[in-house]
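If you're matching them up, the sequences are chains A and B in order.
Just so you know, we're using this note's numbering here: the first sequence kicks off at 1 and counts up by one.
Just so you know, we're using this note's numbering here: the second sequence kicks off at 1001 and counts up by one.
Have a look at the structure below before the remarks.
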Amino acid sequence: MTAMQPAVGASTSSDMTINLGPQHPSTHGVLRLMVALDGEYVKSCRPVIGYLHRGLERMMASRPYRQSVPFTDRLDYCASLNSNLAISQAIERIGGMAVPERAQCLRVMLCEMNRIASHLIFFGTYAADIGATTAFLYAFRERERLLDLLEAYTGARLTYNWIRPGGVASDMPEGYAAAVCTFLDGFLKELDAYDTLLTGNPIFRVRTEGVGIISPEKAIAYGASGPVLRGSGVNIDLRRTEPYDAYPQMQFDVPVRTEGDCLARYLVRVEEMRQSARIIRQCLREMPEGEHWGKQPKVFRPAAGEAYSRTESPRGELSIYLVSDGTANPVRVRVRGPSFVHLSMLPELVRGVKVADMIAILGSLDTVLGEVDR
Amino acid sequence: MSLPPLRRAAPTRTGFECDPAFVAGQFAAGVAVLVAAIAAASALPRLPWRLVDPVLIFIGSHPVVNALVKALTVTVFVTVHVIFLIWLERKFAGWMQARLGPMHVGWKGALQTVADAVKLLMKEDIIPTRADRVLFVVAPFLTFMPTLLTFMVLPFSPTWVAYDFPLGILFVLAVTTNISLGTLAAGWGANNKYSLLGGARACAQVLSYEIPMAVAMLSVVTLEGTMSLTEIVKHQQSGWNIVAHAPVMIPAFLIFMVCGLAELNRTPFDLPEAESELVSGFHTEYSGMRFAFFYLGEFAANFFTAGLAVTLFFGGWMGPWLPAPIWFGIKTIAVVALFMWIKWTVPRLRVDQMMGFCWKFLVPASIVIFCATAIMVMVAGS
Chain A
1 MTAMQPAVGA
11 STSSDMTINL
21 GPQHPSTHGV
31 LRLMVALDGE
41 YVKSCRPVIG
51 YLHRGLERMM
61 ASRPYRQSVP
71 FTDRLDYCAS
81 LNSNLAISQA
91 IERIGGMAVP
101 ERAQCLRVML
111 CEMNRIASHL
121 IFFGTYAADI
131 GATTAFLYAF
141 RERERLLDLL
151 EAYTGARLTY
161 NWIRPGGVAS
171 DMPEGYAAAV
181 CTFLDGFLKE
191 LDAYDTLLTG
201 NPIFRVRTEG
211 VGIISPEKAI
221 AYGASGPVLR
231 GSGVNIDLRR
241 TEPYDAYPQM
251 QFDVPVRTEG
261 DCLARYLVRV
271 EEMRQSARII
281 RQCLREMPEG
291 EHWGKQPKVF
301 RPAAGEAYSR
311 TESPRGELSI
321 YLVSDGTANP
331 VRVRVRGPSF
341 VHLSMLPELV
351 RGVKVADMIA
361 ILGSLDTVLG
371 EVDR
Chain B
1001 MSLPPLRRAA
1011 PTRTGFECDP
1021 AFVAGQFAAG
1031 VAVLVAAIAA
1041 ASALPRLPWR
1051 LVDPVLIFIG
1061 SHPVVNALVK
1071 ALTVTVFVTV
1081 HVIFLIWLER
1091 KFAGWMQARL
1101 GPMHVGWKGA
1111 LQTVADAVKL
1121 LMKEDIIPTR
1131 ADRVLFVVAP
1141 FLTFMPTLLT
1151 FMVLPFSPTW
1161 VAYDFPLGIL
1171 FVLAVTTNIS
1181 LGTLAAGWGA
1191 NNKYSLLGGA
1201 RACAQVLSYE
1211 IPMAVAMLSV
1221 VTLEGTMSLT
1231 EIVKHQQSGW
1241 NIVAHAPVMI
1251 PAFLIFMVCG
1261 LAELNRTPFD
1271 LPEAESELVS
1281 GFHTEYSGMR
1291 FAFFYLGEFA
1301 ANFFTAGLAV
1311 TLFFGGWMGP
1321 WLPAPIWFGI
1331 KTIAVVALFM
1341 WIKWTVPRLR
1351 VDQMMGFCWK
1361 FLVPASIVIF
1371 CATAIMVMVA
1381 GS
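Following this line, the structure appears as structure tokens:
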């Protein structure tokens, strides 16, 4: 910080309030930021959310349990399968359903494929936020191939509605494992190339290194999770600390960086893509035989009670809380999303930085407005 | 149970695999086109040009007609070559980004820009209610006119230069500085906060980078002992500056290129129109033909900066076999492609880093180069 920087909070006549969004190229959706600027410096920033509010929690609570899965597709639309998993797990817990081993393995594979797709969006949009348009298109090319694969399996490209209470909707098509392996081979090679293109670029480095530092204490205090938390040096990954489905059998590393800046969060996500590829290969190699679908009651009326499921979505901890009163519909569905929590850190992180840094910090938090607004 | 049928064939390709025969065919076709182009270009001087001599003599002997024809030629050239440059830029971006670029209007999308220009012409002319009308209307022309003027002194060949001004470099420096006036007027006049920030950034950037650029150009002037652009090219008869005086001219050229990128608002210096921060910076509120003029000015400046680099460092129109203007065009397009290559590769700097790089590195470096050139000339003279 230089001597030019004005005192935080002091109001001068040169203040300028601008609205970034809800239609702005880099607010990633319909986020609106009310920013008070003093020249190039951000004095304060107030996120205004709710432009994408659809009342998903209430909608889920007003119909039978198993009909709520499609709504979760619209939560974090960059990683629908991970949201499918969260609600399915909560419903399985409240109803005491068992999931066959093969279905568990298929779920892990699908979630990791979606994690790669989601992190590719982050990679591309973050590069575009920093100003490198080309990396954006490369990331989307890889994502396109991945979406082709997911489409071949699930029939959808974005809102899959595929992981359902009790298992997954159907088994893999023939020859799918080979197709995924071919993709992964090419993808890892391309990822290394993109890494050289962007990560090694000195301009990218000076724009992200030391920018938007989140200390481990602050990250924990805000309730951050996922790559934001691990970028601050806290080694918590629910796939490792509270493993679910087939994750206990999987061999993978949890990337952790201690710097806590934008670059650390970026590097954690890039490394996670490699680890996801590793997990997918293990799933394909060790896929157990059996059914993809557990035994299901015709009418689903769980006993009165509550259930809470915690999953590691690409953005962090996505948890769903269900309350049942013994009828066919839940009394309350509550979604605890990582993007909402991370967005709440933004005003503190951007106070006193420059406009360009604010965009870099917002991008590094990787929020998805579908899940913030719900 | 039986597996469900594949909904869609699982993709198997990993990259852009190509049939070797296809690649070979493409290469052969490219070589054939290149040879044909060179043959056609070298035939140009053999055409019966003397048939038009009476016309040229008539134009040459009437000062007013002469000036008008020259001005018209330059204006038409500037507007028409931009159509090609925009197509090239979009194609280039497409190739870099693993896509095709414009493909539908004309051969490989060659007429896309024409279609876009027609569209822009037919658009409603919008001036924001709260805008400063005079500044808003004048700004696009303020940015375009200096660029147009600079083309008057750019030598395409010993004879193809609209006005062989003895103080050409001084003229260029004096005129291009005014571009920032237009961007500032646009930023202020639109009464939009993004525009204002963009205009302020543009002004600060262009004025700062003007200094090292001028000093880098001055080292060429010191070396050649003249400010006339045609004279500078003629002095490179024995060897291009960048080869003949490599120790000082290569760094000078690099400084010139970096400053050129900054003057042209291209990445890594595209802060004035940083899309992810300022939407489109100073031209956020512009649409239709007013916007087109900014675009026109920007791309024409691109060609001019590249042409200036060729004139100062790469021997201008000099080259074997082909006529002088063709050589000049080839070299200039090569430098323009270099600009595009950089633009589509690197991210954007932050505003303080941009200013710091100029004042803490480029300005001292350019002065050092300038002094080194002066010492070199002194030693060679004594």
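Every residue, glycine too, gets a C-beta built ideally from N, C-alpha and C.
Treat the numbers as computed from the prediction; the structure is a model and nothing was measured.
Residue 315(A) beta carbon less than 9 angstroms from that of residue 263(A):
no
Residues of chain B with a CB under 7 angstroms from the CB of residue 137(A): which are they?
1097, 1098, 1099
In angstroms with no decimal places, state the Cα-to-Cα distance between residue 229(A) and residue 235(A).
8 angstroms
With a threshold of 6 angstroms on Cβ separation, who are the neighbours of residue 1159(B) within its own chain once the five nearest residues in sequence on each side are excluded?
none
What residues from chain B crowd round residue 132(A), counting only those whose CB sits closer than 7 angstroms?
1346, 1347
What first and last residue would you give for the beta strand (DSSP E) that runs through residue 1330(B)?
Counting along the chain, residue 1330(B) falls outside any beta strand (DSSP E), though it belongs to the alpha helix (DSSP H) covering 1324–1343.
Cβ of residue 1044(B) within 9 angstroms of Cβ of residue 1347(B)?
no
Identify, in the order they occur along the chain, each residue of the same chain with its Cβ nearer than 7 angstroms to the Cβ of residue 335(A), setting aside the five sequence neighbours on each side.
57, 75, 320, 374
List the residues of chain A whose Cβ lies closer than 7 angstroms to the Cβ of residue 1108(B), in chain order.
Within chain A, no residue comes near residue 1108(B); the closest Cβ sits about 19 angstroms away, beyond 7 angstroms.
What is the rounded straight-line gap between the Cα of residue 131(A) and the Cα of residue 1378(B)?
45 angstroms
Report yes if the CB atom of residue 1193(B) is closer than 9 angstroms to the CB atom of residue 109(A), and no otherwise.
no
Using a Cβ-Cβ cut-off of 9 angstroms, state whether residue 1365(B) counts as contacting chain A.
no
Measuring only the C-alpha atoms, how far is residue 1184(B) from residue 1164(B)?
31 angstroms
Between the CA atoms of residue 1156(B) and residue 1428(B) - distance to the nearest angstrom
Residue 1428(B) lies beyond the stretch modelled for chain B, which goes from 1001 to 1382, so this question has no answer here.
Please classify residue 1381(B): does DSSP put it in a helix, a strand, or coil?
helix
What residue from 1295(B), 1315(B), 1294(B) has the CA that sits closest to residue 1230(B)'s CA?
1315(B)
Specify, as a first and last residue, the run of the beta strand (DSSP E) that residue 338(A) falls within.
First-last for residue 338(A): 338–350, but that is the alpha helix (DSSP H), not the beta strand (DSSP E).
What's the C-alpha gap between residue 42(A) and residue 93(A)?
46 angstroms
Report buried or exposed for residue 1197(B), applying the criterion of at least 16 other Cβ atoms within 10 angstroms of its Cβ.
buried
Give a yes or no on contact between the stretch 95–115 of chain A and the stretch 239–252 of chain A, applying the rule of three or more CB pairs nearer than 8 angstroms.
yes
Where residue 1130(B) meets chain A, residues with beta-carbon distance less than 7 angstroms
By Cβ distance, chain A contributes nothing, its closest Cβ being about 15 angstroms from residue 1130(B), past 7 angstroms.
Anyone know if the C-beta pair for residue 328(A) and residue 299(A) falls short of 9 angstroms?
yes
Buried or exposed: residue 1056(B), going by 16 or more other Cβ atoms within 10 Å of its Cβ?
exposed
Taking buried to mean at least 16 other C-beta atoms within 10 Å of its own C-beta, is residue 1122(B) buried or exposed?
exposed
Would you call the stretch 1216–1228 of chain B and the stretch 1287–1300 of chain B in contact, with 3 or more CB pairs under 8 angstroms?
no
Does residue 1145(B) come out as helix, strand or coil in the three-state DSSP assignment?
helix
Measure from the alpha carbon of residue 97(A) to the alpha carbon of each residue in 282(A), 296(A), 78(A), then state which is nearest.
296(A)
Could you check whether the stretch 132–142 of chain A touches the stretch 337–354 of chain A, counting it as contact only if at least three pairs of C-beta atoms, one from each stretch, sit closer than 8 angstroms?
no
Report the CB separation of residue 1151(B) from residue 1074(B) in whole angstroms; it is logged as a contact under 8 angstroms.
5 angstroms
Report the rounded CA-to-CA distance for residue 1280(B) versus residue 1126(B), giving the unit in angstroms.
16 angstroms
Distance, Cα to Cα, residue 354(A) vs residue 1201(B)?
13 angstroms
What do you get for residue 1091(B), buried or exposed, if any count of 16 or more other CB atoms within 10 angstroms of its CB means buried?
buried
Compile a chain-ordered list of the residues in the stretch 105–134 of chain A whose CB is closer than 8 angstroms to at least one CB of chain B.
127, 128, 129, 130, 131, 132, 133, 134
For residue 356(A), does the count of other Cβ atoms within 10 angstroms reach 16, so buried, or fall short, so exposed?
buried
Can you tell me whether residue 361(A) is buried or exposed, with buried defined as 16 or more other CB within 10 angstroms of its CB?
buried
According to DSSP, is residue 321(A) helix, strand or coil?
strand
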